[in-house]
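Step one of this worksheet: look at the structure below.
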Amino acid sequence: MPLQIVHHPDYDAGFAVNHRFPMSKYPLLMEALRTRGLAGPEALSTAEPAPASWLELAHAADYVDQVINCRVPEKIEREIGFPIGPRVSLRAQLATGGTVLAARLALRHGIACNTAGGSHHARRAQGAGFCTFNDVAVAALVLLAEGAARNILVVDLDVHQGDGTADILADDPRVFTFSMHGDRNYPVRKIASGLDVALPDGTGDAAYLERLAAILPELSAQAHWDIVFYNAGVDVHADDRLGRLSLSDDGLRARDDMVISHFRARGVPVCGVIGGGYSTDVPALAARHAILFEVAAGHAR
């Protein structure tokens, strides 16, 4: 069985090439996956928009309504980093629906990945930091509401702390959030996860992987996890303009393999999302995001 991949062409909301959020990475990622032979018809599923009833499990109903109807207040749009017009609204609903679908596929097949997702700065009351809806939080709460999972782990290795995920899931004992991120990076005001590990600027492959290897067994010892949501942000890379950590391509590959192999060896399904990546060399950025799918494909059965 090939790696199950969820995608939609409207993950690309058509931003200008020079926008700070590199929207063109989504079609370039799909091109990279096709080049690598990972995106055949038997591997691909198409995302559908998340309905308001799902979104309201994680977000305030008035904010959900504002996004769906493209009436988000300008102050919140500034915190998000772009206006919420029809294409951006649809993209946010699709990316969230895509993570829900990827999670269901992971429960069925052991592992699956969304070619978007990881919007971990979106909090209960509003979006922020290029994140409109928090797809992982929504997906976790959908699975819990449906009885498809009882204990859920979020492993967030984006370079930025997962403040929105922590905010939404803080009071739910069925979900444990772990974030390992750059200490001196966005957001300035962190919201405590179940476990936070803050790394100094310049942390490279060896120190990063050593720290992660020590933590994964601790996470597994806490509970029998029904599924792990893995945010594989590549903004930890040395060439990322927002990251300030110093991982290489080989370091990214070793990180992804460490996480995925750890949980798959224990029979825990893994749902991968791509998280952040902000290099101005967008084809190189797409190739970095493709590493998650290459590694995950090696664990698909």
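Note that this note's numbering has the sequence shown beginning at -11, numbered continuously upward. Virtual Cβ for every residue (Gly too), placed ideally from N, Cα, C.
If you draw a straight line from the C-alpha of residue i to the C-alpha of residue j, how long is it?
{"i": "residue 203", "j": "residue 57", "result": "42 Å"}
{"i": "residue 209", "j": "residue 5", "result": "45 Å"}
{"i": "residue 152", "j": "residue 112", "result": "7 Å"}
{"i": "residue 61", "j": "residue 81", "result": "18 Å"}
{"i": "residue 188", "j": "residue 69", "result": "26 Å"}
{"i": "residue 85", "j": "residue 35", "result": "6 Å"}
{"i": "residue 171", "j": "residue 133", "result": "34 Å"}
{"i": "residue 96", "j": "residue 227", "result": "36 Å"}
{"i": "residue 164", "j": "residue 267", "result": "30 Å"}
{"i": "residue 39", "j": "residue 194", "result": "43 Å"}
{"i": "residue 179", "j": "residue 289", "result": "37 Å"}
{"i": "residue 50", "j": "residue 44", "result": "9 Å"}
{"i": "residue 168", "j": "residue 139", "result": "20 Å"}
{"i": "residue 238", "j": "residue 16", "result": "20 Å"}
{"i": "residue 104", "j": "residue 75", "result": "15 Å"}
{"i": "residue 12", "j": "residue 275", "result": "13 Å"}
{"i": "residue 229", "j": "residue 7", "result": "13 Å"}
Count the other CB atoms within 10 Å of the CB of residue i; is the residue buried (16 or more) or exposed (fewer)?
{"i": "residue 54", "result": "buried"}
{"i": "residue 2", "result": "exposed"}
{"i": "residue 63", "result": "exposed"}
{"i": "residue 77", "result": "buried"}
{"i": "residue 23", "result": "exposed"}
{"i": "residue 254", "result": "exposed"}
{"i": "residue 201", "result": "exposed"}
{"i": "residue 244", "result": "buried"}
{"i": "residue 232", "result": "buried"}
{"i": "residue 144", "result": "buried"}
Out of the options, which has the shortest C-alpha to C-alpha gap to residue i?
{"i": "residue 109", "options": "126, 137 and 94", "result": "126"}
{"i": "residue 18", "options": "-1, 36 and 8", "result": "-1"}
{"i": "residue 20", "options": "286, 279 and 283", "result": "279"}
{"i": "residue 10", "options": "281, 271, 282 and 284", "result": "271"}
{"i": "residue 198", "options": "83, 217, 242 and 180", "result": "242"}
{"i": "residue 41", "options": "154, 52 and 32", "result": "52"}
{"i": "residue -10", "options": "27, 7 and 15", "result": "27"}
{"i": "residue 87", "options": "233, 130 and 74", "result": "130"}
{"i": "residue 100", "options": "274, 259, 117 and 264", "result": "259"}
{"i": "residue 148", "options": "252, 219, 156 and 244", "result": "219"}
{"i": "residue 235", "options": "190, 48 and 93", "result": "190"}
{"i": "residue 67", "options": "115, 93, 29 and 25", "result": "115"}
{"i": "residue 212", "options": "282, 252 and 284", "result": "252"}
Taking the continuous beta strand (DSSP E) assigned at residue i, which residues delimit it?
{"i": "residue 217", "result": "215 to 219"}
{"i": "residue 184", "result": "183 to 187"}
{"i": "residue 118", "result": "Unbroken run through residue 118: none, as it is neither H nor E."}
{"i": "residue 3", "result": "No beta strand (DSSP E) holds residue 3; DSSP gives it neither H nor E."}
{"i": "residue 169", "result": "163 to 170"}
{"i": "residue 179", "result": "Neither: residue 179 is in no beta strand (DSSP E) and is coded neither H nor E."}
{"i": "residue 34", "result": "32 to 34"}
{"i": "residue 262", "result": "It is not in any beta strand (DSSP E) - residue 262 carries neither H nor E in the DSSP assignment."}
{"i": "residue 144", "result": "140 to 144"}
My assumption, with CB atoms under 8 Å, is that residue i sits in contact with residue j. Please give the rounded CB distance.
{"i": "residue 102", "j": "residue -6", "result": "5 Å"}
{"i": "residue 262", "j": "residue 277", "result": "5 Å"}
{"i": "residue 46", "j": "residue -8", "result": "Going by Cβ atoms, the distance from residue 46 to residue -8 rounds to 23 Å, so no, they are not a contact pair."}
{"i": "residue 240", "j": "residue 222", "result": "6 Å"}
{"i": "residue 83", "j": "residue 123", "result": "5 Å"}
{"i": "residue 142", "j": "residue 118", "result": "Actually they do not touch by this definition, with Cβ atoms about 19 Å apart."}
{"i": "residue 128", "j": "residue 157", "result": "7 Å"}
{"i": "residue 257", "j": "residue 94", "result": "4 Å"}
{"i": "residue 150", "j": "residue 264", "result": "Wrong, their Cβ atoms sit about 11 Å apart, outside the cutoff."}
Between residue i and chain D, is there a C-beta pair that is closer than 8 Å?
{"i": "residue 25", "result": "The structure shown contains no chain D; it holds only a single protein chain."}
For the alpha helix (DSSP H) containing residue i, list its first residue and its last residue.
{"i": "residue 249", "result": "237 to 253"}
{"i": "residue 20", "result": "13 to 23"}
{"i": "residue 52", "result": "49 to 56"}
{"i": "residue 89", "result": "74 to 97"}
{"i": "residue 64", "result": "62 to 68"}
{"i": "residue 210", "result": "193 to 210"}
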